[in-house]
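K.L.:
Mapping of the sequence shown onto the UniProt record's numbering: position 452 corresponds to residue 452, and the numbering continues sequentially without gaps.
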Amino acid sequence: MAAAAVSDDFAKKCELQHNDTLGRFVVARCNLSAGETVLQEQPIVILPHIGDRRCAKCFKLAERFCSKCRLLALCEDCAGHDERDCQRLRELQLSEEQVQLLQAKVNAEVQPALACLLLGEHEHSRPLYAEMSQMETHLEERRGTDIWKSHQAHAYAPLEATGVLKQLQAVDEVLVQRLLGILDVNVYEIRAPEHGGAMRGLYRRAALFAHSCLPNLETAIDDERRIKVFANRPIAAGETLYICYTSVLLGTEERRHILKTGKCFDCSCARCQDPTELGTHMSSFICNACACSGGYVVRQPETGTWQCLLNPEHKLKPEFVCNMLERAKEEIFHARGDIYRLELLLVKMSRLLHGNHYLMLDLKQNIASILRQILQNMAHCPNRKVYERKIRVCQELLLVLKVVAPGISRLKAIALYELANTQAELARKLYSEQEHSSRELLAELNQTEIMMREALRMLLFEPVATPEGQMSRSMLRELKELQNDIKLLQESSDDVVN
């Protein structure tokens with residue numbers, strides 16, 4: 001269990017307010033510049049995703065349990081976990097049958113529930129428990145839902161049946177639901193020790209920021225699970241501070257569904273209220289009934305109907321939209337890793353979806369990832385078309401990101417870096433094959449340097465102990481090499497002129 005240390009930035013720069021719409025939320029106490037840090041803190045508690053069993057000490061995936069308390073998992077490398085937690089669980093004096101019942105459920109909601117309950121059992125962590133208890137739960141909105149029923153069956157019922165609840169704070173089902181609701185509504189996803197794995201972290205102050213699909217804050221979580229929250233653009237004193245609880249690269253219906261089911265509210269930001277998603281058309285369909293170009297079918301927020309912007313009589317049934325998107329997602333899933341299938345899908349789906357539709361962007365991201373691997377392996381002998389395809393895909397992604405992620409954005413920085421790197425490599429290739437002159441190479445590298453510097457500017461706000469922070473260090477080295485190449489070309493050009 002990590003200490004929940006909070007930086008002084010929050011108290012100096014943020015003010016907590018409350019209204020009926022947002023509940024508790026945060027506004028800027030003073031003007032904030034782009035990139036300025038407003039919060040750094042450690043999590044109150046770190047939790048596995050449902051279905052994972054993780055070591056209570058190092059959070060690696062684990063198979064066995066602590067031999068003393070028999071309830072918390074340990075990996076092969078760890079001999080023990082927090083002694084206070086272990087002692088309190090031993091004091092429960094559970095029978096072998098009761099232990100086996102809880103161990104069978106520990107991959108479900110039992111482990112998160114126990115982690116929260118144990119916070120309230122120790123004097124040193126009771127203030128954190130009390131503060132956590134004040135967080136938003138949306139308890140009444142969740143009552144009777146599938147999530148409520150799952151928590152009842154997989155957390156409350158086994159803890160009640162084994163007598164654990166009677167010995168821990170005399171809790172009832174409502175308290176268990178409140179604690180698990182706090183986690184569902186407020187946690188952040190954090191990287192797990194193994195590559196590609198994920199866990200959840202609950203933070204005292206970071207949980208207070210309101211949501212917008214057009215946030216003015218960025219968040220980054222380092223390898224020590226410390227969260228950093230910083231402004232992605234200049235923010236005036238008195239402005240509400242927003243983070244985005246979902247991915248900005250999802251369409252409106254997808255984002256709103258995630259927010260409604262997981263966070264129990266409807267987003268009413270400018271992007272959600274605009275059928276074209278600020279002109280990006282990230283959820284738009286091609287209107288095949290229109291003879292001219294520019295006919296796009298969009299969902300009207302007020303009515304929920306899908307109709308053409310040029311001719312409102314042209315409509316799509318919601319059932320068709322839902323079924324088509326589900327089929328498309330399934331096809332994308334099965335095509336991952338196969339660039340030929342992905343490219344064919346892109347052509348096929350372009351007959352129905354706008355080129356910026358979020359599923360089209362997903363395809364393009366997958367294609368860009370495979371192209372990166374091809375270009376990094378020179379054994380493939382990539383030709384000019386491979387470079388040009390990667391450049392075009394990156395440009396198309398950036399056009400959307402500049403709208404939905406204005407200001408400082410790690411997604412935009414990475415896409416810009418991928419574009420700059422590929423463009424520079426292509427320019428060098430064409431020069432080495434004598435298809436470009438030194439003057440053309442110099443012009444391309446100068447343009448690349450501008451893009452690289454902008455990408456690096458955005459990534460330098462990322463903590464060092466993150467993949468993006470490490471990427472920024474590599475980019476800095478590449479930028480210096482690029483600048484050396486430019487200098488040599490300029491000197492060579494000057495020599496020719498003289």
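Each residue gets a CB set at the ideal place from its N, CA and C atoms; glycine is no exception. Since the model is a prediction, treat every value here as computed from it, not as a measurement.
1. Just to confirm the assignment, what range does the beta strand (DSSP E) spanning K228 have?
2. Grab me the residues of E388's own chain with a C-beta within less than 8 Å of its C-beta, minus the 5 sequence neighbours each way, in chain order.
3. Bridge partners for I286 per DSSP, in chain order?
4. Check whether the Cβ atoms of L344 and L363 lie closer than 8 Å to each other.
5. When the Cα atoms are used, what is the spatial distance from V164 to C69?
6. Taking its Cβ as the centre, do 16 or more other Cβ atoms sit within 10 Å of R336, making it buried, or is it exposed?
7. Note down the Cα distance separating K480 from V393, rounded to an integer number of angstroms.
8. Nearest-angstrom Cα distance between A3 and Q42?
9. Could you check the C-alpha separation between K412 and R226 for me, to the nearest Å?
10. By how many angstroms is the C-alpha of Q93 removed from the C-alpha of R410?
11. Among C55, A424, A415 and R271, whose alpha-carbon lies nearest the alpha-carbon of V106?
12. Can you tell me whether H18 is buried or exposed? The criterion is at least 16 other CB atoms within 10 Å of its CB, across all chains shown.
13. Can you tell me where the beta strand (DSSP E) holding M199 begins and where it ends?
14. Over what stretch of residues does the alpha helix (DSSP H) that includes H334 continue unbroken?
15. Please state the DSSP three-state secondary structure of C50.
16. Assuming A455 contacts Y417 under a Cβ cut-off of 8 Å, what Cβ separation, rounded to an integer in Å, is found between them?
17. Tell me which same chain residues have a C-beta within less than 7 Å of the C-beta of N186, skipping the five on either side of it?
18. Quick one: grab the DSSP three-state call for Y188.
19. Buried or exposed, going by whether 16 or more other CB atoms sit within 10 Å of the CB of A379?
20. When we look at the beta-carbon of E140 and count the other beta-carbons within 10 Å, is it buried (16 or more) or exposed?
21. Run through DSSP, which three-state label would P158 get?
22. Apart from the five residues just before and just after S95, which ones in its own chain have a Cβ nearer than 6 Å to its Cβ?
23. My understanding is that V403 touches T280, with C-beta atoms under 8 Å, so please give their C-beta distance in whole angstroms.
24. Considering residue 521, what are the terminal residues of the beta strand (DSSP E) in which it resides?
25. Is it buried or exposed, V347, if we count other Cβ atoms within 10 angstroms and call 16 or more buried?
26. Measuring alpha carbon to alpha carbon, tell me which residue in A231, Q483, T162 and L102 is nearest F10.
27. What number of angstroms, rounded off, separates the C-alpha of residue 525 from the C-alpha of E313?
28. For V164, report the span of its beta strand (DSSP E) as first-last.
29. Can you give the Cα-Cα distance for Y340 and M349, rounded to whole angstroms?
30. Identify, in the order they occur along the chain, each residue of the same chain with its Cβ nearer than 6 Å to the Cβ of Q307, setting aside the five sequence neighbours on each side.
31. In the DSSP assignment, find the alpha helix (DSSP H) that holds E96 and state where it starts and stops.
32. Give me the residue from A161, E433, L459 and A424 with the minimum Cα distance to L442.
33. My output table needs one value for T252: the three-state DSSP class, helix, strand or coil.
34. What three-state label does DSSP hand C308 in the structure shown?
35. Between L39 and R299, what straight-line distance do the alpha-carbon atoms span, to the nearest angstrom?
P.N.:
From the atom records:
1. Looking at the DSSP string, the run of the beta strand (DSSP E) that includes K228 is I227 to A231.
2. L426
3. Y296
4. no
5. Near 13 Å, if we compare the C-alpha coordinates of C69 and V164.
6. exposed
7. Between K480 and V393, the alpha-carbon positions lie close to 26 Å from each other.
8. Confidence in A3 is poor, its pLDDT being 46 and thus under 50, which makes the residue's placement unreliable; the coordinate value appears in the next sentence. So the two alpha carbons sit approximately 6 Å from each other.
9. Rounded to whole angstroms, K412 and R226 show a C-alpha spacing of 23 Å.
10. 50 Å
11. C55
12. Exposed, by the Cβ-count rule.
13. Its beta strand (DSSP E) spans residues A198 to L202.
14. P318 to A335
15. For the record, residue 50 in the displayed sequence is Ile; it is not Cys. Three-state DSSP puts I50 in coil, outside helix and strand.
16. 4 Å
17. M135, E136, L202 and A207
18. strand
19. A379 is exposed by the Cβ-count criterion.
20. When all chains shown are included, E140 counts as exposed.
21. helix
22. none
23. 5 Å
24. With the chain running from 1 to 498 in the structure shown, residue 521 is simply not present.
25. exposed
26. A231
27. Since the first and last residues shown for the chain are 1 and 498, residue 525 lies out of range.
28. Not the beta strand (DSSP E): V164 falls in the alpha helix (DSSP H), residues V164 to Q167.
29. For Y340 and M349, the distance between alpha carbons rounds to 14 Å.
30. K315
31. E96 to K105
32. A424
33. helix
34. strand
35. Going by the C-alpha atoms only, they are around 37 Å apart.
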